[in-house]
Structures are given as C-alpha cells and as structure tokens.
C-alpha cells in the first residue's frame, strides 16, 4: 500500500492510501478536527465513489478497529488448519433416514457421527441454531458442521444408508 501525505494550507492535511488493487482512500483532516473520508474505485478518477464525514472520535475508533484493538483475526496458518479440518454442509433428509421424525436430541447425531446441526431449512423457513427438541422431518435440509469424515457419515445417515 502506498501512503502519501500532503499539506493543505489553511485546511489541514490530506492522506492518500493506494491499495494493491489501485483503489484509493483519501482522508482529509481539517485543522478544526473535522475528518472527511473518500473512496475511489479507481485512483485516477476525479470524483469519489463514496464519501463520509467522521468526527475525531469516530476516526480514532475506526483506526483502532483497523489496528485490531477489539478483534484479531486468526493467524492464516491456523485458519488453513481449521479449514482443512472443519466443514459445513447442507444435507437433505431422505424418507429412509433413521433421524426423520425424531428430535435432534433423540437422533443422537452428535454422538453417532460427531457433527452438529446448526440450521434447518424447511418449507422456505430457516431455523437457525435449532434446539435439541426440534423435530427433524422428511425434506428438511440441515446445515451440519464437523470434520469431513463425520459429515460423510452423517450424509449416509440422512440418506438412510448408515452402516450397522
């Protein structure tokens, strides 16, 4: 990222940030404390695609967030490891499935397969974070999270092809 600072006599300072994708953010800090933030999709454009006025406090808060004061993303190596181990999959329940017409708790899918059901899509309705007492029905599409091999085992269970 390129950063350019320019004095604006009688106004304040202009800070330009040019990204690797040739986008440009321009922050104008006035002597009065007023801040203006402009976004240019193309750094060569004369007119900003988006502009916003920020107070000094809002600018500091934005800066703190950008620096990671509140949230630190997972290290990329750890994220690669996590991504390689945890999978999220949408799976439709077949009429032959042994989990149909049972609650999530009764079906014991976590105990049998190691996966967790984190959502259900049913008749154009979404049930997010369903309770263990939620009944599983034919035609439900469930969102399952777990290891790849556990998801594969759960898919067989949902198709009625589980091994005894």
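Numbering (the numbering used here), first residue to last: -19 to 144.
Every residue, glycine too, gets a C-beta built ideally from N, C-alpha and C.
Predicted, not measured: the structure shown is a model, and the values here were computed from it.
Where residue 140 falls: helix, strand or coil (DSSP) = coil
* Asked: When the distance is taken between beta carbons, is residue 78 closer than 8 Å to residue 137?
  -> yes
Checklist entry - Per DSSP, residue -18 is paired with what? => result -2
Am I right that residue 22 and residue 2 are in contact with their C-beta atoms under 8 Å? What's the rounded C-beta distance?
6 Å
Review point. Whose CA, out of -4, -9 and 71, lies closest to the CA of residue 12?
Key: -9
* Asked: Excluding sequence positions up to five away, which residues of its chain have a Cβ less than 8 Å from the Cβ of residue 144?
  -> The predicted position of residue 144 is uncertain, since its pLDDT is 47 and thus under 50; no value can be drawn from it.
Using the C-alpha atoms, what's the distance from residue 110 back to residue 6? 45 Å
With DSSP as the reference, label residue 28 as helix, strand or coil.
coil
Within the same chain, show all residues whose beta-carbon is closer than 8 Å to that of residue -19, passing over the 5 residues directly before and after it, in chain order. -3, -2, -1 and 0
| message | residue 32 and residue 47 - do their beta-carbons sit closer together than 8 Å? | response | no
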